[in-house]
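Enquirer:
Numbering (our numbering), first residue to last: 1167 to 1316.
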């Protein structure tokens, strides 16, 4: 997907967000999962104490990993280190916690309120190495918009 398509989608997302009066997390996961073919499962986790707790998701099935310790797995790493983590091939990543056998890659983007991580966007893909810099920038902007509304 090229940068122009991501820019167009960001405009669509912002437009929908401005009209939102309800569940921003639910709107976000559905928007991302439905609009981007290689985003096969999209979840938002929120920080509760020392854990990440799955708030909502959009994808073919539920994960058993609804609570993850900060520091554990890719999700926990992104929250602890406070940066986006991209795993092009989960089979080669020792910290990866498997949710679905078909998952081949993952990107996790922290959601900040000020300088504090309050949650994260977790995306699994059934494709190897599909996440490019445009995905990262697009998702970091989405996370920034969510953080401002939180």
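By construction, the Cβ of each residue, glycine as well, lies at the ideal position given by its N, Cα and C atoms.
Going by the CB atoms, is the gap between residue 1239 and residue 1261 shorter than 8 Å?
Expert: In the chain shown, residue 1261 corresponds to position 95, counting from 1. In the chain shown, residue 1239 corresponds to position 73, counting from 1. Yes, they are a contact pair.
Enquirer: Beta-carbon within less than 7 Å of residue 1242's beta-carbon, same chain only, minus the 5 sequence neighbours each way: which residues are those?
Expert: In the chain shown, residue 1242 corresponds to position 76, counting from 1. Hits under 7 Å: 1218, 1234, 1235 and 1236.
Enquirer: Taking only the alpha-carbon atoms, compute the straight-line gap between residue 1259 and residue 1250 and give it to the nearest angstrom.
Expert: Translated into the one-based positions of the chain shown, residue 1259 becomes position 93. Translated into the one-based positions of the chain shown, residue 1250 becomes position 84. Residue 1259 and residue 1250: Cα-Cα distance of roughly 15 Å.
Enquirer: Tell me the rounded alpha-carbon separation between residue 1183 and residue 1294.
Expert: The sequence position of residue 1183 within the chain shown is 17, counting from 1. The sequence position of residue 1294 within the chain shown is 128, counting from 1. Cα-Cα distance, rounded: 31 Å.
Enquirer: How about residue 1301 and residue 1263: are their beta carbons less than 8 Å apart?
Expert: Walking along the chain shown from the start, residue 1301 turns up at place 135. Walking along the chain shown from the start, residue 1263 turns up at place 97. Going by C-beta atoms, residue 1301 is not nearer than 8 Å to residue 1263.
Enquirer: Would you grab the beta carbon distance between residue 1222 and residue 1188 for me? Rounded to a whole angstrom, and I think it's under 8 Å.
Expert: By one-based count along the chain shown, residue 1222 stands at place 56. By one-based count along the chain shown, residue 1188 stands at place 22. No, residue 1222 and residue 1188 are not in contact; Cβ-Cβ is about 12 Å, not under 8 Å.
Enquirer: Please name the residue in 1311, 1181, 1225 and 1220 whose C-alpha comes closest to that of residue 1196.
Expert: For the purposes of this step, residue 1196 is taken as residue 30 along the chain shown, with counting starting at 1. Minimum Cα distance to residue 1196 is reached at 1225.
Enquirer: How many angstroms separate the CA atom of residue 1206 from the CA atom of residue 1289?
Expert: Residue numbering aside, residue 1206 sits at position 40 when the chain shown is read from its first letter. Residue numbering aside, residue 1289 sits at position 123 when the chain shown is read from its first letter. Cα to Cα, the separation comes out at about 7 Å.
Enquirer: In whole angstroms, give me the CA-to-CA distance for residue 1279 and residue 1229.
Expert: Position 113 of the chain shown, counted from the first residue, corresponds to residue 1279. Position 63 of the chain shown, counted from the first residue, corresponds to residue 1229. Taking the straight line from one Cα to the other gives about 26 Å.
Enquirer: Can residue 1228 be considered in contact with the ligand MN, in the sense that its beta carbon sits closer than 7 Å to one or more heavy atoms?
Expert: The model on display carries no ligand, and the ligand MN is accordingly not part of it.
Enquirer: Tell me which residue opens and which closes the alpha helix (DSSP H) that residue 1306 is part of.
Expert: Here residue 1306 is taken as the residue at index 140 of the chain shown, counted from 1. Note, residue 1306: alpha helix (DSSP H), 1299 to 1315.
Enquirer: With a threshold of 16 other CB atoms inside 10 Å of the CB of residue 1291, please say whether the residue is buried or exposed.
Expert: In the chain shown, the residue the question calls residue 1291 occupies position 125. When all chains shown are included, residue 1291 counts as buried.
Enquirer: Using beta-carbon positions only, say whether residue 1177 and residue 1287 come within less than 8 Å of one another.
Expert: Here residue 1177 refers to the residue found at position 11 of the chain shown. Here residue 1287 refers to the residue found at position 121 of the chain shown. Not a contact, by the Cβ cut-off of 8 Å.
Enquirer: Would residue 1275 and residue 1305 qualify as a contact pair, given that the criterion is a beta-carbon distance under 8 Å?
Expert: As a working mapping, residue 1275 is identified with position 109 in the chain shown. As a working mapping, residue 1305 is identified with position 139 in the chain shown. Residue 1305 is positioned such that its CB atom lies closer than 8 Å to that of residue 1275.
Enquirer: By the 10 Å Cβ neighbour count, where 16 or more other Cβ atoms means buried, how is residue 1271 classified, buried or exposed?
Expert: By 1-based counting over the chain shown, the position of residue 1271 is 105. Buried: at least 16 other Cβ atoms inside 10 Å.
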